[in-house]
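Read in the working numbering, the sequence shown has 509 at position 509, and its numbers run on one by one without any break. C-beta atoms are modelled at their ideal positions from N, C-alpha and C, and glycine is treated no differently.
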Amino acid sequence: KNGRKVAVYGDYDVDGVCASAIILEALQMAGIACTAYIPDRHQEGYGLNIPAVQRVAKECKVLLTVDCGITSVEETAAAKESGMQVIITDHHRPPEKLPDADALISPLLGDYPFPYLCGAGVAYKVALGLVGERAKGLMELAALATVADMVPLLGENRAIVALGLEMLSDTIRPGLRAMMNGAGIDGKVTSEQVAFQIAPRMNACGRLDSARIALDMLLTHDVQEGARLAVRMEELNQQRKQQENTVIDEAMAQVEKMNLLERRALVVMGDGWNSGVVGLAAGKIAEKYACPTVALSREGDVCVGSARSAGDVDIHKALSQCADLFIRFGGHKQAAGLTIERSRVEEFANRLSKAVADQTGDRALIPTVICDGKMMLSHVTEETVAMLDMLQPFGMGNPPPRFLCDGALALSLRPVGNQGKHLKCTFQQGNTLRDGIFFGGGQWAGQQGIFNLVMTPIVNTFRGVTTAECQLHAMELQPEGLRKNPLSEATALLSEDITGIRAGYTISADQIASLMDGNQGTLLVCRCLETAMEMYKRFPDADFAQGSALSPQAFHTILLYGRAKDTCTSYQHVVLCDGSLGEEEAYKKACPRAQIHSLPLSAPMKNLLADMYVELSGMRECYRKLKEAIPSSLQQYAEKCGLTEMQAAFSLKVFNDIQLTDASILPFRVALLPLKKASPADSPLYRIAQQAKEEKYGVHGV
């Protein structure tokens with residue numbers, strides 16, 4: 001009525017940009033003069049700031065915030081002193097002392113029945129109140145933000161997203177349409193496409209340039225301008241990926257040096273990290289390590305960063321216990337932002353870890369996958385996928401259904417993608433075969449056995465052929481399904497430095513149980529399947545791994561076919577459950593903080609040593625065959641020598657010990673060293689195996 005111009009003060013993420021667009025268009029529908037102000041992420045940071053408020057006050061007499069402002073007590077006071085009316089709309093957690101605004105609009109105030117709206121959801125409700133039915137066309141923006149901001153897709157949010165995605169699929173916004181086309185989105189838009197294709201492109205603007213680009217993209221009515229902005233957003237998104245990978249790699253390198261047995265929260269920091277991507281890095285680390293994480297970008301004496309939670313930890317509550325250390329902070333249970341002086345970061349890291357420990361009972365969070373039910377591979381069909389799609393839209397609070405598939409035999413597990421990070425697989429259950437993909441599961445490549453799978457049925461279309469497949473979220477080896485493989489046992493053992501049987505032993509079977517208190521810190525190294533299964537029966541809650549134990553959290557693990565060099569450095573106790581052949585030094589080097597313990601030499605280990613032993617005459621024949629021609633495989637070498645593959649591998653290890661060869665079993669490689677006078681008896685391994693053979697078969701054999 002008074003002709004006052006409104007400044008819409010937003011945020012630089014998808015939620016803030018969409019909320020700004022919603023309110024701007026609603027004000028324009030109402031005939032109210034308005035302009036937008038979005039702070040610069042790098043220069044101003046999140047939320048209201050007094051210099052910006054004072055600049056805006058020169059042009060506008062009303063300040064209307066979206067997705068921010070609920071904690072801005074001083075900034076609100078400054079705005080009112082500048083002669084502005086202040087209306088705050090926000091969805092973040094209100095502080096004890098609220099700003100003295102003319103109006104405070106939040107689903108967390110009063111008795112509003114649904115407290116989980118995002119900032120754009122709140123803005124949409126305001127728009128409905130302002131212009132009524134005319135605002136319904138803005139629901140596509142509210143839906144986009146609701147998915148991107150990871151608020152629960154329940155109740156009112158579920159309705160906003162379900163209806164808004166339908167509008168988004170047929171959007172007439174030229175910029176949004178151009179961006180979606182550039183991302184390869186055509187036809188019905190899903191919440192997954194919003195989360196992983198649309199939202200990252202919009203967020204890249206505020207992270208690397210200006211969020212105004214994303215806002216203009218949403219608001220423009222010009223097709224050419226929309227196309228230009230979409231191209232710019234694509235360029236920024238590619239830059240974001242590159243910078244994100246750099247920050248993540250550097251942050252992960254810092255985490256690898258930390259003792260995760262002592263830390264319940266992680267704080268990483270880097271000079272000049274783009275403050276726009278540190279939140280992404282924090283999220284990746286929190287997901288990988290199941291540990292709340294803060295990533296900080298340091299510029300001079302000040303650090304700006306983002307926090308991401310893990311499990312059920314309330315990261316805002318934990319940060320609140322450190323509030324006296326911050327220049328500013330704000331957020332909610334799952335994510336937060338903060339600014340802190342560099343000199344206080346170390347204290348912050350210690351106090352945050354303590355605050356999280358208070359919530360977890362000082363136990364490490366265990367990565368957990370929740371399943372909605374069980375499913376046989378035979379039920380992974382196109383019809384099943386179609387029925388599950390009726391539960392869309394999926395997102396936080398309503399994730400895609402995940403099913404437990406028990407007892408699937410791995411026929412093929414091969415790495416795919418950049419650096420083999422992902423896993424392409426084929427499983428069999430009964431008479432049913434199904435292919436699958438496990439993004440980020442490349443570490444399982446080459447393993448064998450029967451697995452429990454957590455998966456979601458999906459359809460895959462390749463070259464015009466559509467098939468039902470499994471998208472894996474987790475895999476778990478079934479130890480009960482393992483079959484004895486003497487060659488694997490021998491290969492793993494022979495890859496270690498064997499210096500001789502240790503006299504006596506340093507721990508009893510009963511004492512191991514005391515090491516298994518809590519859920520971290522102990523590695524049970526088993527050379528033989530029988531021993532591993534005995535330990536699994538005693539400690540069924542421990543992890544069971546083959547080949548490597550690389551989890552940086554050092555959860556209690558039973559390791560079969562393991563090697564010291566493929567072991568996490570964080571373990572506090574390593575138990576050689578089949579006895580020691582002198583591997584203590586190798587494990588001490590791999591786990592410098594650990595105490596190395598040993599049980600007596602086990603019966604399965606003695607049998608393994610006896611069965612791999614090769615008589616002296618056989619060793620001479622093996623060396624003669626090597627001088628005739630270098631074999632191309634272990635199998636070929638064994639056949640030429642008339643030995644089992646296990647015995648052939650044993651002979652190469654002995655030749656290495658006495659410096660006649662430089663050979664490896666995996667990968668297979670043999671090189672002869674200069675001829676010298678040597679005896680197999682000079683090898684500790686040979687003497688140990690000979691003694692085991694004599695104990696089992698007698699001095700003169702069977």
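### Query
How about A143 and L168: are their beta carbons less than 8 Å apart?
Here residue 143 is taken as the residue at index 143 of the sequence shown, counted from 1. Here residue 168 is taken as the residue at index 168 of the sequence shown, counted from 1. Going by C-beta atoms, A143 is nearer than 8 Å to L168.
### Message
Whether or not the segment 258-275 and the segment 346-357 are in contact is what I'm after, with contact meaning three or more pairs of Cβ atoms, one per stretch, closer than 8 Å; do they touch?
### Response
yes
### Residue range of the unbroken beta strand (DSSP E) whose run includes Y9
Locating residue 9 in the sequence shown gives position 9, counting from the first residue. Its beta strand (DSSP E) spans residues V6 to Y9.
### Query
Mind pulling the alpha helix (DSSP H) runs of 4 or more residues that sit fully within the segment 570-630?
584-590, 603-612 and 616-628
### Query
Going along the chain, which residues of its own chain have a beta-carbon closer than 6 Å to the beta-carbon of T71, five neighbours each way excluded?
Here the question's residue 71 lines up with position 71 in the sequence shown. Counting only Cβ-Cβ distances below 6 Å, and skipping sequence neighbours, we find P95 and G330.
### Alpha carbon of L325 to alpha carbon of D90, nearest angstrom
Numbered from 1 along the sequence shown, position 325 holds the residue referred to as residue 325. Numbered from 1 along the sequence shown, position 90 holds the residue referred to as residue 90. Taking the straight line from one Cα to the other gives about 25 Å.
### Task
Determine, using beta carbons only, whether S309 and A295 come nearer to each other than 8 Å.
Translated into the one-based positions of the sequence shown, residue 309 becomes position 309. Translated into the one-based positions of the sequence shown, residue 295 becomes position 295. No, the Cβ-Cβ distance between S309 and A295 is not below 8 Å.
### Task
Output the distance between the C-alpha atoms of I88 and C60, rounded to the nearest integer angstrom.
The residue labelled residue 88 in the question sits at position 88 within the sequence shown. The residue labelled residue 60 in the question sits at position 60 within the sequence shown. Distance between the alpha carbons of I88 and C60 is about 15 Å.
### Query
With burial defined as no fewer than 16 other Cβ atoms inside 10 Å of the residue's Cβ, what is the status of P113: buried or exposed?
Taking the first residue of the sequence shown as 1, we reach residue 113 at position 113. Its Cβ having fewer than 16 others within 10 Å, P113 is exposed.
### Task
Take the Cβ of H221 as the centre, count every other Cβ of all protein chains shown within 10 Å, and call the residue buried at 16 or more, exposed below.
The residue labelled residue 221 in the question sits at position 221 within the sequence shown. Result: exposed.
### Query
Among the residues of its own chain, which have a CB less than 6 Å from the CB of D682, if the five just before and after it don't count?
In the sequence shown, residue 682 corresponds to position 682, counting from 1. I658.
### Task
Using the Cα positions of M498 and C568, report the straight-line distance between them to the nearest angstrom.
By one-based count along the sequence shown, residue 498 stands at place 498. By one-based count along the sequence shown, residue 568 stands at place 568. The sequence shown places Ile at residue 498, not Met. Their backbone Cα atoms lie some 21 Å apart in a straight line.
### Task
Give the range of the alpha helix (DSSP H) segment to which Q224 is assigned.
Numbered from its first residue, the sequence shown carries residue 224 at position 224. Element bounds for Q224: V223 to E256.
### Message
Quick check on the burial criterion: 16 or more other C-beta atoms within 10 angstroms. Buried or exposed for N49?
### Response
Here residue 49 refers to the residue found at position 49 when the sequence shown is read from its first residue. Buried, since its Cβ has 16 or more Cβ neighbours within 10 Å.
### Query
So which of L388, G164 and T76 has the shortest CA-CA distance to A101?
Residue numbering aside, residue 101 sits at position 101 when the sequence shown is read from its first letter. It is T76 whose Cα lies nearest to the Cα of A101.
### Query
DSSP beta-bridge partners for N460?
Mapped onto the sequence shown, residue 460 falls at position 460. T467.
### Buried or exposed (CB count within 10 angstroms, at least 16 for buried), S106
Residue 106 sits at position 106 when you count from the first residue of the sequence shown. Looking at its Cβ environment, which holds 16 or more other Cβ atoms inside 10 Å, S106 is buried.
### Query
Using the C-alpha atoms, what's the distance from L652 back to V614?
Reading the sequence shown from its first residue, position 614 is the one you call residue 614. Reading the sequence shown from its first residue, position 652 is the one you call residue 652. Between V614 and L652, the C-alpha separation is close to 11 Å.
### Message
My parser needs the alpha helix (DSSP H) runs of 4 or more residues fully inside the segment 297-369; what are they?
### Response
315-320 and 345-360
#### Entry: Segment contact flag, the segment 463-483 with the segment 447-455, C-beta cutoff 8 Å, min 3 pairs
yes
### Message
Please classify G442 as buried or exposed, where buried requires at least 16 other C-beta atoms within 10 Å of its C-beta.
### Response
Translated into the one-based positions of the sequence shown, residue 442 becomes position 442. Flag for G442 reads buried.
### Query
Looking only at its own chain, which residues have a Cβ that is under 6 Å from the Cβ of I665, when we skip the five neighbours before and after it?
Here residue 665 refers to the residue found at position 665 when the sequence shown is read from its first residue. Only T491 and A649 meet the Cβ criterion.
### Task
Under the assumption that R563 contacts E496 (Cβ atoms under 8 Å), give the Cβ distance between them as a whole number of angstroms.
Counted from its first residue, the sequence shown places residue 563 at position 563. Counted from its first residue, the sequence shown places residue 496 at position 496. The Cβ separation is near 6 Å, so the contact holds.
### Task
Give me the Cα-Cα distance between L130 and Y9, rounded to the nearest whole angstrom.
Counting from one through the sequence shown, the residue named residue 130 turns up at place 130. Counting from one through the sequence shown, the residue named residue 9 turns up at place 9. Roughly 18 Å separates the two Cα atoms.
### Message
With the cut-off set at 8 Å, would you say Q572 and L560 are in Cβ contact?
### Response
Translated into positions along the sequence shown, residue 572 becomes position 572. Translated into positions along the sequence shown, residue 560 becomes position 560. Against a cut-off of 8 Å, the Cβ pair of L560 and Q572 comes out as no contact.
### Task
Find the nearest neighbour of K588 within the set L413, S378, L523 and E234, judged by alpha-carbon distance.
Here residue 588 corresponds to residue number 588 of the sequence shown, with the count starting at 1. That would be L523, whose Cα lies nearest to the Cα of K588.
#### Entry: Minimum Cβ-Cβ distance from P401 to chain D less than 8 Å
Of the protein chains in this structure there is only one, and it is not chain D.
### Query
Tell me which same chain residues have a C-beta within less than 6 Å of the C-beta of S378, skipping the five on either side of it?
Residue numbering aside, residue 378 sits at position 378 when the sequence shown is read from its first letter. Once the five neighbours on either side are set aside, the close Cβ partners of S378 are T432.
### Task
Kindly indicate the opening and closing residues of the alpha helix (DSSP H) around I50.
For the purposes of this step, residue 50 is taken as the residue at position 50 of the sequence shown. I50 to A57 is the span of the alpha helix (DSSP H), which, as asked, contains I50.
### Query
Which class does F114 belong to by DSSP, given the choice of helix, strand or coil?
Mapped onto the sequence shown, residue 114 falls at position 114. DSSP places F114 in coil when its eight states are reduced to three.
### Message
Run through the DSSP bridge pairs and tell me what E476 is partnered with.
### Response
In the sequence shown, residue 476 corresponds to position 476, counting from 1. Paired residue(s): N452.
### Task
Along the beta strand (DSSP E) that carries G491, what are the first and last residues, could you check?
For this step, residue 491 is matched to residue 491 along the sequence shown. Just to set this straight, residue 491 is Thr in the shown sequence, not Gly. Taken as a continuous stretch (DSSP letters only), T491 belongs to no beta strand (DSSP E), being part of the alpha helix (DSSP H) at P486 to L494.
#### Entry: Where S65 falls, given that 16 or more other Cβ within 10 Å makes a residue buried
Numbered from 1 along the sequence shown, position 65 holds the residue referred to as residue 65. The identity of residue 65 in the sequence shown is Thr, whereas the question assumes Ser. With 16 or more other Cβ atoms within 10 Å, it is buried.
### Query
What does DSSP give as the partner residues of A79 in its beta bridges?
Indexing the sequence shown from 1 puts residue 79 at position 79. Per DSSP, none; premise fails for A79.
### Message
With H, G and I counted as helix, E and B as strand and the rest as coil, what does DSSP make of F555?
### Response
The count along the sequence shown starts at 1 and reaches residue 555 at position 555. Reduced to three states, the DSSP call for F555 is strand.
#### Entry: N- and C-terminal bounds of the alpha helix (DSSP H) containing F650
Taking the first residue of the sequence shown as position 1, residue 650 is located at position 650. Element bounds for F650: E645 to D657.
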